[in-house]
Structures are given as structure tokens and as C-alpha cells.
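According to the working numbering, the sequence shown is numbered sequentially starting from 5.
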Amino acid sequence: MIENALLKANIGKRNLLFIGNNVVTETLYERMKKDPKYRIVGLLGMHTNGSIRNLGSIDNLADIVKKYKVEEILQTTSGLSKTQAEDILEFCRENHLAYSFVPDLLAMHKTNVEIRTQSGIPIIKMKPTPLDGWGRVIKRGFDTLGALVGLILLSPIFLLTAIAIKLDSKGNIFFKYLDDGSRVKRVGQHGKLFNFYKFRTMHPGTHNLRYTRLAEKNARKGSPLVKIKDDPRITRTGRFLRKTSIDELPQLVNVLKGEMSLVGPRPHLPEEVAKYAVHHKFVLTIKPGITGLAQISGRSDLDFEEEMRLDTYYIENWSLWMDIVILFKTFGVFFKGYRE
């Protein structure tokens with residue numbers, strides 16, 4: 005009763021955009037325009053009937069979504085290439101738009117879908133992830149509290165680590181600058197760059213050797229990532245810091261600033277993200293984490309695609325309990341590295 009009153013006052017209506025130009029589009033439009041839950045802004049694609057406002061081609065999708073504040077997309081056309089269909093799907097995922105389509109339009113390989121009917125026509129809808137809505141708020145609160153407690157409790161380790169780094173080699177305590185003097189950056193949520201904090205584990209001025217003299221030692225050839233086996237750039241202290249993951253602790257500051265999360269996908273370098281395929285970019289829909297499902301499942305031993313699969317699973321199945329379990333298992337990785 006309250007919902008109906010709000011909808012009549014145009015409160016709570018969802019702006020919906022059609023992508024389609026067939027009889028199904030017409031049928032759904034005629035029925036859904038009477039549904040008080042929706043405000044149909046128009047369609048994208050060739051259309052000859054005139055009863056639905058044509059807003060242009062699919063190439064203008066991003067601009068149309070922004071201009072009309074679209075919240076939901078309903079795809080009814082099968083006249084798209086596989087690449088176009090995948091691009092639309094990934095666009096919706098990256099921008100947290102509700103996305104539905106009439107069956108047999110896409111070769112869906114995801115499990116987070118539900119089937120419903122609208123005016124007797126079956127429609128498949130991509131479910132929102134648990135990190136949409138209140139899940140995001142809960143996770144942020146947990147991150148803030150965890151980062152504050154972590155910085156206080158781990159401050160003695162910060163001090164001892166700083167002393168060890170200075171005694172072992174010349175250079176800054178933190179890995180803040182690249183060989184050309186620019187700040188160390190990582191790619192965050194929605195592709196936004198941020199200043200990345202980490203204890204220095206390598207000799208100064210050796211970062212770019214991974215792309216030149218040491219490129220042949222890359223254990224992850226064929227993927228966007230670089231992993232140098234028996235890396236000669238790492239200091240004695242650095243090897244211990246990496247084994248125990250202590251070098252990652254300064255990222256608690258990134259968490260406190262809202263740039264990272266305690267748990268999430270690994271934060272990657274801009275040059276690595278530039279090589280991502282379209283489906284890899286789904287991991288950029290949430291904040292990167294200090295630790296994550298991939299890190300406790302094999303760390304650098306995983307191949308890139310397996311890492312992406314684990315991160316995607318984490319996003320689609322997130323829960324606060326999952327974060328807590330991953331954090332406890334991370335402590336296990338720490339103590340294992342310490343014993344070794």
C-alpha cells in the first residue's frame with residue numbers, strides 16, 4: 005500500500021532502457037509502460053514503429069545511461085554480435101545496472117541469474133551481487149574498524165620492519181616511487197588510480213628490470229602479470245617480508261582512506277590492467293584488497309585465469325563471514341612464511 009502510494013508520486017520508479025527492435029520489444033513496452041515500477045526512457049537500435057522513443061545506436065549506450073539516469077537495461081534483440089552482447093553485459097556489471105534479456109540472446113556462463121516472466125515472455129535477469137546496496141555499507145564499516153585496530157596493534161611490527169629495512173639496504177622504508185621518480189600507483193575500483201603503500205623489499209632503481217633484463221625469467225608469460233622467479237632485485241629483509249606478507253601491512257592506510265578493502269581482488273599495476281580482456285574487468289567493480297580468496301588459495305602459484313575466477317566467485321558470493329574466514333586464513337599464511 006505504501007509502495008503503491010510512493011510509485012504514484014513517482015518515488016521509487018526505475019528508469020528502464022530497451023535494447024531491441026523486434027515484436028518482443030513492442031509487446032513488453034505496451035505492457036511495461038502500464039507498470040508503475042518502471043519509467044521507460046526509450047530504446048537503442050533501429051526501430052521503424054515510432055511508438056517507443058528511439059535514442060540512437062548502441063554505440064551511444066554510456067552517454068544515454070548517464071543522460072537519462074538509466075537504472076535497468078532490458079535487451080530484447082538477438083541482432084548483436086557476440087562482442088557487442090558481452091560489452092553490454094560487462095558495462096552493466098561495471099556500472100551496477102540491473103540487466104535483463106530475453107533467453108537465447110547470450111551464451112550465458114554465469115550462475116547468478118534468475119528467470120522471470122513479463123507479460124508471458126520469459127526473461128533472464130542478472131542478479132545484483134551481495135556487494136550492491138547494504139552489503140557495500142557493511143563491508144566499508146568492517147574495513148574501517150579493522151584497519152584502525154590493525155594499525156594500532158601492529159605498530160610495533162611497523163617499527164621493527166622499518167629498522168630492518170634501513171639496516172639492510174639504502175633507500176626509503178616504503179616503496180613509494182618508481183625508477184622515473186613517479187609515485188607508485190595501483191588500479192582501484194572502477195579503474196581509478198591511487199597512491200599505493202608498501203614496505204620496500206627491493207633494491208632502489210630496479211623496478212623496471214622486470215620488463216627488460218629480467219623479462220626472460222617471468223614465470224607468468226602469456227598473462228598480463230609479471231612474476232620473476234628467484235628475483236635478484238629483492239633484498240635479504242625483503243625476502244622475509246614477502247614470505248610473511250608483512251610488506252603489505254602499510255596498505256591498511258589505503259583501507260582507512262577508502263581506496264582498498266581488507267579483503268578483495270589483488271591490486272594490479274596500470275600496465276597489467278591495460279592488458280585485461282573484457283571479462284577480467286569485472287574485478288574492478290569493487291575495491292582491491294590487502295588479502296583475498298586468490299591469495300590464500302595459492303598466492304603467486306595460481307595462473308592468471310584461475311585468480312580471476314576466484315576473484316569473480318568472491319564478488320558474486322560475498323558475505324561478511326567470508327571476509328572473516330579469509331582474514332583468519334591469511335594469518336595462517338603469515339605464520340607458515342614465518343616458520344619457513
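Idealized CB from N, CA, C, for every residue including glycine. Since this is a predicted model, take the numbers as computed values, not measurements.
Residue j beta carbon less than 8 Å from that of residue i
i	j	result
Ile142	Leu324	yes
Arg140	Glu76	no
Asp252	Lys202	Here residue 252 is Glu; the residue named in the question, Asp, does not match the sequence. Cβ atoms of Glu252 and Lys202: closer than 8 Å.
Arg144	Ile169	no
Ile161	Ile250	yes
Ile56	Ile23	no
Gly296	Gly336	no
Trp322	Pro132	no
His100	Asp147	no
Met326	Lys291	no
Backbone secondary structure at residue i - three-state DSSP
i	result
Ile238	strand
Phe22	strand
Asn321	coil
Leu197	strand
Glu76	strand
Val106	coil
Tyr280	coil
Ile328	helix
Asn258	helix
Lys189	strand
His113	A caution first: His113 carries a pLDDT of 43, below 50, which makes its placement in the model unreliable, though a value can still be read off. His113: coil per DSSP, three-state reduction.
Residue i versus the options, residue with shortest Cα-Cα distance
i	options	result
Ala298	Val277, Leu331, Gly209, Ala281	Leu331
Ser194	Ser85, Lys70, Lys38, Arg97	As written in the sequence, residue 194 is His, which differs from the Ser given in the question. Considering only alpha carbons, the answer is Arg97.
Lys279	Leu158, Leu32, Phe308	Phe308
Asn176	Gly150, Gly209, Gly192	Gly209
Thr248	Ile156, His284, Gly60, Ile300	Ile300
Leu163	Ala151, Pro254, Thr289	Pro254
Thr80	Thr165, Phe244, Thr148, Leu48	Leu48
His211	Gly192, Asp235, Val191	Asp235
Phe286	Glu276, Val153, Gly293, Arg313	Arg313
Val282	Asp147, Tyr33, Lys86, Lys71	Lys86
Leu78	Lys333, Val257, Ile290, Leu21	Leu21
Val106	Leu32, Val188, Ala151, Asp67	Leu32
Leu149	Met206, Val28, Val257, Glu94	Val257
His207	Arg237, Asp67, His100	Arg237
His284	Glu34, Glu94, Ala102	Glu94
Ala102	Ile294, Lys189, Tyr42	Tyr42
Val45	Asp39, Arg35, Glu34, Asn58	Asn58
Glu276	Thr289, Ile290, Val191	Val191
Sheet register partners of residue i (DSSP bridge)
i	result
Phe178	Phe203
Leu48	Ile23
Ser265	Gly293
Asn58	Leu47
Tyr33	In DSSP, Tyr33 forms no bridge with anything.
Buried or exposed (CB count within 10 angstroms, at least 16 for buried), residue i
i	result
Phe200	buried
Val74	buried
Glu310	exposed
Leu197	exposed
Pro274	exposed
Asn64	exposed
Asn25	buried
Ala89	buried
Gly242	buried
Ile156	exposed
Trp138	exposed
Arg187	exposed
Gly293	buried
Leu34	Per the sequence shown, the amino acid found at residue 34 is Glu instead of Leu. Glu34 is exposed by the Cβ-count criterion.
Val28	buried
Val69	buried
Any non-hydrogen atom of the ligand SAM closer than 7 Å to residue i Cβ
i	result
Val69	The ligand content of the structure shown is nil, which means the ligand SAM is not present either.
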